[in-house]
Amino acid sequence: MKRVALVALALALTAGAAPGGGSAAAPRPAAPRFDPRGASEVPTAVARVGSAVVGLRARIPPDRPSAATLGVERWGSGILVDPDGTAVTVGYVVLEATALEAVLRDGRTVPARVLGHDFESGLALLRLAGGGAYPAATVGRSGPVAPGQPASIVGMTEDGRLAAVPASVTAIRRFVAYWEYLLERALIVAPTHPAFGGAALVDPDGALIGVVSLRLDREHLAIPIDLLPPVRDAVVTRGRPDRPPRSWLGVRAVAVEGGVGIAGVSPAGPAHAAGLRHGDIVVRFNDDRVADVEDFYRKLWRVGVGGAIELTVLRDGRLETITVKTKDRHAVFQFRTPD
């Protein structure tokens, strides 16, 4: 099986190794010592959220754009947030899934369908069949979370075992990744969990404060749960947020001296269609100098979907200009299970 967890791990490690590619733009504060008193609170947290954590087994057609990088069979966790069976997970676990099932804590397997994605946050929503009433987690708030706060990571391993790890929020910082992704306030937590993709990050009371996304060496990145409520209703009803989508090129962007290096190009993206190549170095964006990966993204996202941009690239020692017409990811990736 080509497991999505391994792919996500590879992405995270590469991002952490490439300056500006997936590491934080801001200096990283020293991690505080983990307070062992937090470990005594793990059973309480697990008791309150454990029944709401499910395993997710997704199958993706091999001809879909995400299959080549994320695999056709994926496993992750999800967290029930409504008794009607609505659950939240990290998007890459279920992106373009046409067959999806949830494994409950008691071992039962329930069919599920993807409701939609918020590509900006990286969250996805799904719904289990059966109409409820399912045990739902208490959705807390990530805004008040501070470095040093005790927490727990609760996820389901591929053999159906619920695993809980006492953890600590070691940092809160901006996270800039090479796959056209940026979080303004990412939660960095440690130690690592064996089933991190889509696992619940909960406070000592068992309230959901984040959804674990990636492994960063000996830490995890978690998506703050405060990003869910503003988009939840729209994603449930129409598969995507109501706000205008970000422009998308389909590149892997890493920081290099003098600009932004192209470490990869998606065959389904507009950058590939326009002729952008692996190894190109973007030095100017519409005649403006490109400072770093974050600057590149912010320039791109100020351009509306469908807008044409001119990229000046250094290729084989010569400058070339490439015109790219941006796209909406929703037009490329199947973001909702067809009815």
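Residue numbering for the sequence shown follows our numbering, beginning at 190 and increasing consecutively. Glycine included, each C-beta is placed from N, C-alpha and C at the ideal position. None of the values given here were measured: they were computed from a predicted structure.
- Alpha carbon to alpha carbon, how far is Ala452 from Gly468? Give it in angstroms, no decimals. For the pair Gly468 and Ala452, the Cα-to-Cα distance works out to about 6 Å.
- State whether the segment 495–515 contacts the segment 458–475, with contact taken as three or more CB pairs (one from each stretch) at a distance under 8 Å. Because the criterion of three Cβ pairs below 8 Å is met, the segment 495–515 and the segment 458–475 touch.
- Measure the alpha-carbon distance for Ala444 versus Val277 and round it to whole angstroms. If I take the Cα positions, the gap works out to 32 Å.
- Query: What's the gap between the Cα of Val529 and the Cα of Ala388?
  - Reply: Shown here, the chain extends from 190 to 528; a query on residue 529 therefore has no answer.
- Message: Out of Ile249, Ala352 and Gly311, which one is the CA nearest neighbour of Ala236?
- Response: When only C-alpha atoms are compared, the closest one is Ala352.
- Item | Sufficient close CB pairs (3 or more, under 8 Å) joining the segment 417–425 to the segment 374–384 | Because the criterion of three Cβ pairs below 8 Å is not met, the segment 417–425 and the segment 374–384 do not touch.
- Item | Rounded Cβ spacing between Val238 and Ile412 (contact assumed at less than 8 Å) | So it is not a contact: roughly 16 Å between Cβ atoms.
- For Arg302, three-class secondary structure by DSSP: Strand at Arg302.
- Item | Which of helix, strand or coil DSSP assigns to Thr512 | The answer is strand: DSSP assigns Thr512 an E or B state.
- Is the beta carbon of Gly244 sitting closer than 9 Å to the one on Ser266? Closer than 9 Å, so yes.
- Message: Suppose contacts are defined by Cβ-Cβ distances below 9 Å. Is Phe522 in contact with Pro434 by that definition?
- Response: Cβ distance not < 9 Å, so Phe522 and Pro434 don't count as in contact.
- For the alpha helix (DSSP H) that contains Leu259, what are its first and last residues? Leu259: member of the alpha helix (DSSP H) spanning Ala256 to Leu259, first to last residue.
- Message: Taking 9 Å as the threshold (C-beta atoms), are Arg246 and Ala291 in contact?
- Response: Against a cut-off of 9 Å, the Cβ pair of Arg246 and Ala291 comes out as a contact.
- Message: Using a Cβ-Cβ cutoff of less than 6 Å, which residues in the same chain neighbour Val261 once the five nearest sequence positions on both sides are dropped?
- Response: Only Ile249 and Pro251 meet the Cβ criterion.
- Query: Where are the alpha helix (DSSP H) runs, 4 residues long or more, that stay fully inside the segment 265–311, in chain order?
  - Reply: The qualifying runs are 280–283.
- Look at the Cβ atom of Thr515, then the Cβ atom of Pro459, and state whether they are nearer than 9 Å. Their beta carbons are under 9 Å apart, which means Thr515 touches Pro459 by this criterion.
- Residues of its chain near Val391, where Cβ-Cβ distance is below 7 Å and the 5 sequence neighbours each way are ignored: If we look at Val391 and ignore the five residues flanking it on each side, its Cβ neighbours are Ala234, Val238, Ala340, Ser341, Val343, Leu397 and Ile398.
- Do the CB positions of Gly320 and Gly274 come within less than 9 Å of each other? Yes, Cβ-Cβ distance for Gly320 and Gly274 is below 9 Å.
- Query: Tell me, which residues are paired with Val424 by DSSP?
  - Reply: Val424 pairs with nothing; no bridge assigned.
- Task: Check whether the Cβ atoms of Arg302 and Leu315 sit closer than 9 Å, and answer yes or no.
- Result: In this structure, Arg302 lies near Leu315, with their beta-carbon atoms less than 9 Å apart.
- Task: Using a threshold of 9 Å, state whether the C-beta atoms of Val449 and Asp481 are closer than that.
- Result: Yes, Cβ-Cβ distance for Val449 and Asp481 is below 9 Å.
- Message: Looking at Val378: is its Cβ nearer than 9 Å to the Cβ of Leu371?
- Response: Their beta carbons are not under 9 Å apart, which means Val378 does not touch Leu371 by this criterion.
- Message: With a threshold of 7 Å on Cβ separation, who are the neighbours of Gly326 within its own chain once the five nearest residues in sequence on each side are excluded?
- Response: Sequence inspection shows Ala at residue 326; the Gly mentioned does not correspond to that position. Taking C-beta separations shorter than 7 Å and ignoring five residues to either side along the sequence, the partners of Ala326 in its chain run Val238, Ala241, Ile268, Leu269, Val270, Ala389 and Leu397, following chain order.
- Message: Report the CB separation of Gly337 from Ser357 in whole angstroms; it is logged as a contact under 8 Å.
- Response: At roughly 7 Å, the Cβ-Cβ gap stays under 8 Å, so Gly337 and Ser357 are in contact.
- Query: Under a Cβ-count criterion, where at least 16 other Cβ atoms within 10 Å of its own Cβ denotes burial, should Pro333 be classed as buried or exposed?
  - Reply: Counting Cβ neighbours within 10 Å, Pro333 comes out exposed, since fewer than 16 surround it.
- 4-residue-minimum alpha helix (DSSP H) runs that sit fully inside the segment 324–375, ordered along the chain: Within the segment 324–375, no complete alpha helix (DSSP H) run reaches 4 residues.
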